[in-house]
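Colleague:
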Amino acid sequence: MPGAVNGKTILLIVGGGIAAFKALELVRELGRAGARVLPVLTENGARFVTPLSLSALAGEKVRTSLWDLEDEAAMGHIQLSRAADLIVVCPATADLMARAAAGQANDLAATLLLATDTPVLMVPAMNVRMWQHSATRRNLATLRADGIAVMEPDDGAMACGEFGPGRLPEVPAIMAAIAAQFGEKPLAGRHALVTAGPTHEPIDPVRFIGNHSSGKQGFAIATELAAAGARVTLVAGPVHLPTPAGVTRIDVMTALQMQAACAAALPADIAVMVAAVADWRVDAAGHKLKKDSSGPPPLMLTENPDILAGLGHHAQRPALVVGFAAETGDLIAHASAKRLKKAADWIVANDVSDGVFGSDHTHVQLVTATGAEDWGPTPKQAVAARLAARIADHFSGQP
Ligand code: C5P
7 MPGAVNGKTI LLIVGGGIAA FKALELVREL GRAGARVLPV LTENGARFVT
57 PLSLSALAGE KVRTSLWDLE DEAAMGHIQL SRAADLIVVC PATADLMARA
107 AAGQANDLAA TLLLATDTPV LMVPAMNVRM WQHSATRRNL ATLRADGIAV
157 MEPDDGAMAC GEFGPGRLPE VPAIMAAIAA QFGEKPLAGR HALVTAGPTH
207 EPIDPVRFIG NHSSGKQGFA IATELAAAGA RVTLVAGPVH LPTPAGVTRI
257 DVMTALQMQA ACAAALPADI AVMVAAVADW RVDAAGHKLK KDSSGPPPLM
307 LTENPDILAG LGHHAQRPAL VVGFAAETGD LIAHASAKRL KKAADWIVAN
357 DVSDGVFGSD HTHVQLVTAT GAEDWGPTPK QAVAARLAAR IADHFSGQP
């Protein structure tokens, strides 16, 4: 991946947040990978890192102000904004995101973002409440709709003592996101529909039937398809995972809602149905069921529609339909039968007898019309990358 940045010029805007110090490490890694880094430091950014350390690492002059006449003579801000192959904002603070979303031009960083037609990657870092605030959510949606790539922050303990999403992603993840910006986009122009996570089928207003699906595999696939250039609609059951960059996410609870969201997302070129959809729903009570002397209430179950089979047989069937099959024995036989029954092109089959749910690792076999391929034990992320590459191969050369 780092090869992708070799010889590239990256304009790095460092915003004013506690994570700004990590931008120094990013500059070093970009330099090692052969990129030229033109650093821009906001006024607040300069409170966290010094222009001197940034320029020493980048080997370039650090620009801080719109009103630096010497710079305007050498390279005006318009020119500067266009000199780069990519603009990276790291850390992207809530304030910088807000100003960029509003199209303000009240300092050098905001002006550069407004004046440019160069691709922009933002790497947010902020307090969890700021990240989750509806104003930031709005700004994030605006920025993404404007075509700006915005990474999801990491989850975890924050410098301010709180816990949750808002931490700057680790430098290798930022490097990978930067490299992906320069990668080919073999699925550009394709629309991919991905389902992920479990469904919850209500028993009454406070209880439900669910399953242990974490959504990790489906979210990883959505991430990889988006990185390959596809427009991705991710229909997600109830999971606690951040939305992958550049992906349109539709949150649902039940199988019927998931089916409706999938139908509404058509037409699509690719469907990857990863969700662990509940096979049955309950005739739910409208009120909370009470424990009383008449004993436990009977649960009346109704079969849910099979969303994958529905797409496989749909009048607007996506050109490539991929299903998943979690089995506890006779993996290939069951997966092959499912492939035919559900009219899927491929089935990614995995043996869940030894705790795949919730884990970051899995062991899958790809079952196609021509047989089964064992992909061995791998991280779910690697399965996602391999599947996306395989999908890209499938479409290569097709109009
Ligand atoms: O039959 P089984 O549940 O094992 O099939 C798994 C595959 O079918 C997965 O791709 C899953 O997303 C999909 N599926 C579905 N709708 C259902 C049940 C399963 O789309 N109601």
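The sequence shown lines up with residues 7 to 405 when you count with my numbering.
Backbone N, C-alpha and C fix where the C-beta goes; we use that ideal spot for every residue, glycine too.
Flag this pair as yes or no: are the beta carbons of Ala3 and Ser87 separated by less than 7 Å?
Modeller: Not covered by the structure: residue 3. The range shown for the chain is 7 to 405.
Colleague: In angstroms with no decimal places, state the Cα-to-Cα distance between Thr1 and Phe330.
Modeller: Any answer about residue 1 is impossible in this case: the structure gives the chain only from 7 up to 405.
Colleague: Using 10 angstroms around the beta-carbon of Gln85, count the other beta-carbons present and answer buried if the total reaches 16, otherwise exposed.
Modeller: The residue is exposed, with fewer than 16 neighbouring Cβ atoms inside 10 Å.
Colleague: When you compare only the Cα positions, how much space is there between Arg53 and Asp113?
Modeller: Their Cα atoms are separated by approximately 16 Å.
Colleague: If we count Cβ pairs, one from each stretch, closer than 8 Å, do we get three or more for the stretch 311-318 versus the stretch 332-343?
Modeller: Judged by Cβ distances under 8 Å, the stretch 311-318 makes no contact with the stretch 332-343, as fewer than three pairs qualify.
Colleague: Quick one, are the C-beta atoms of Ala131 and Ala251 less than 7 Å apart?
Modeller: Cβ atoms of Ala131 and Ala251: not closer than 7 Å.
Colleague: Quick one: residues in its chain with C-beta nearer than 7 Å to the C-beta of Pro175, no 5 flanking neighbours on either side, listed in chain order?
Modeller: Contacts found: Val129, Met157, Pro159 and Asp160.
Colleague: Below 6 Å, is the gap between the Cβ of Val283 and the nearest heavy atom of the ligand C5P?
Modeller: Yes, Cβ of Val283 sits closer than 6 Å to a heavy atom of the ligand C5P.
Colleague: Which residues does DSSP pair with Arg173 in a beta bridge?
Modeller: For Arg173, which the question treats as bridged, DSSP gives the partners Asp160.
Colleague: Heavy atom of the ligand C5P less than 6 Å from the Cβ of Asn356, yes or no?
Modeller: No, Cβ of Asn356 sits at least 6 Å from all heavy atoms of the ligand C5P.
Colleague: With DSSP as the reference, label Gln371 as helix, strand or coil.
Modeller: Three-state DSSP puts Gln371 in a strand.
Colleague: With 7 Å set as the bound, which would you pick, yes or no: does the beta-carbon of Asn112 sit closer than that to a beta-carbon of chain B?
Modeller: The question asks about chain B, but that chain is absent: this structure has only one protein chain.
Colleague: Under the criterion of a Cβ to heavy atom distance below 6 Å, does Ile313 qualify as lining the ligand C5P?
Modeller: Yes, the Cβ of Ile313 comes within 6 Å of a heavy atom of the ligand C5P.
Colleague: What is the DSSP secondary structure of Glu333, counted as helix, strand or coil?
Modeller: Strand, per DSSP.
Colleague: Taking Leu102 as the reference, give the member of Lys294, Asn145, Met181 and Gly216 with the closest Cα.
Modeller: The residue with the shortest Cα to Cα distance from Leu102 is Asn145.
Colleague: Can you tell me which of Pro244, His83, Lys386 and Ala394 puts its alpha carbon nearest to the alpha carbon of Asn356?
Modeller: Out of Pro244, His83, Lys386 and Ala394, Lys386 has the C-alpha closest to the C-alpha of Asn356.
Colleague: Return the chain-ordered list of same chain residues with a C-beta closer than 7 Å to the C-beta of Val283, the five sequence neighbours on each side being excluded.
Modeller: Correct list, in chain order: Thr205, Ala261, Met264, Asn310 and Ile313.
Colleague: For the alpha helix (DSSP H) holding Asn112, just list the boundary residues, first then last.
Modeller: First-last for Asn112: undefined, no H or E at that position.
Colleague: Beta carbon of Met279, beta carbon of Thr201: below 7 Å?
Modeller: Yes.
Colleague: Between the C-alpha atoms of Leu199 and Ala390, what's the straight-line distance to the nearest angstrom?
Modeller: Between Leu199 and Ala390, the C-alpha separation is close to 14 Å.
Colleague: Counting along the chain, where does the alpha helix (DSSP H) carrying His400 start and finish?
Modeller: Taken as a continuous stretch (DSSP letters only), the alpha helix (DSSP H) holding His400 covers Lys386 to Phe401.
Colleague: Could you pull the start and end residues of the beta strand (DSSP E) that Pro97 belongs to?
Modeller: From DSSP, the beta strand (DSSP E) with Pro97 extends over Leu92 to Ala98.
Colleague: Run through DSSP, which three-state label would Asn50 get?
Modeller: Coil, per DSSP.
Colleague: Going by the beta-carbon positions, is the gap between Lys294 and Val241 smaller than 7 Å?
Modeller: Not in contact: Lys294 and Val241 (Cβ atoms no closer than 7 Å).
Colleague: Where do the ends of the beta strand (DSSP E) carrying His83 lie?
Modeller: No beta strand (DSSP E) contains His83, which is instead part of the alpha helix (DSSP H) from His83 to Ala89.
Colleague: So, at 8 Å on beta carbons, what are the nonlocal neighbours of Leu326 in its own chain, with the 5 sequence-adjacent residues on each side left out?
Modeller: If we look at Leu326 and ignore the five residues flanking it on each side, its Cβ neighbours are Asp275, Ile276, Ala277, Asp351, Trp352, Ile397, His400 and Phe401.
Colleague: Using CA atoms only, rank isn't needed, just tell me which of Val55, Cys96, Leu247 and Asp210 is closest to Pro171.
Modeller: Taking only the C-alpha atoms, the option nearest Pro171 is Leu247.
Colleague: Buried or exposed for Asn12, going by 16 or more other Cβ atoms inside 10 Å?
Modeller: Burial call: exposed.
Colleague: What first and last residue would you give for the beta strand (DSSP E) that runs through Met128?
Modeller: From DSSP, the beta strand (DSSP E) with Met128 extends over Val126 to Pro130.
Colleague: Mind checking Lys347: buried by the 16 CB within 10 Å criterion, or exposed?
Modeller: Label assigned to Lys347: exposed.
Colleague: Determine the closest residue to Val134 out of Glu168, Leu118, Val177 and Ala147, with distance taken between C-alpha atoms.
Modeller: For Val134, the nearest C-alpha among the options comes from Glu168.
Colleague: Does DSSP put His340 in a helix, in a strand, or in coil?
Modeller: In this structure, His340 counts as helix in the three-state DSSP scheme.
Colleague: Could you pull the DSSP bridge partners for Asp210 from this structure?
Modeller: Its beta-bridge partners are Arg213.
Colleague: Looking at the ligand C5P, does it come within less than 6 Å of Phe225, judged from the CB to the closest heavy atom?
Modeller: False, no ligand heavy atom lies under 6 Å from that Cβ.
Colleague: Cβ of Val43 within 7 Å of Cβ of Leu36?
Modeller: It is a contact, given that the beta carbons lie within the stated cut-off.
Colleague: Is DSSP giving Met7 helix, strand or coil here?
Modeller: In this prediction, Met7 has a pLDDT of 39, which is less than 50 and means its spatial position is unreliable; what the coordinates show is noted afterwards. Reduced to three states, the DSSP call for Met7 is coil.
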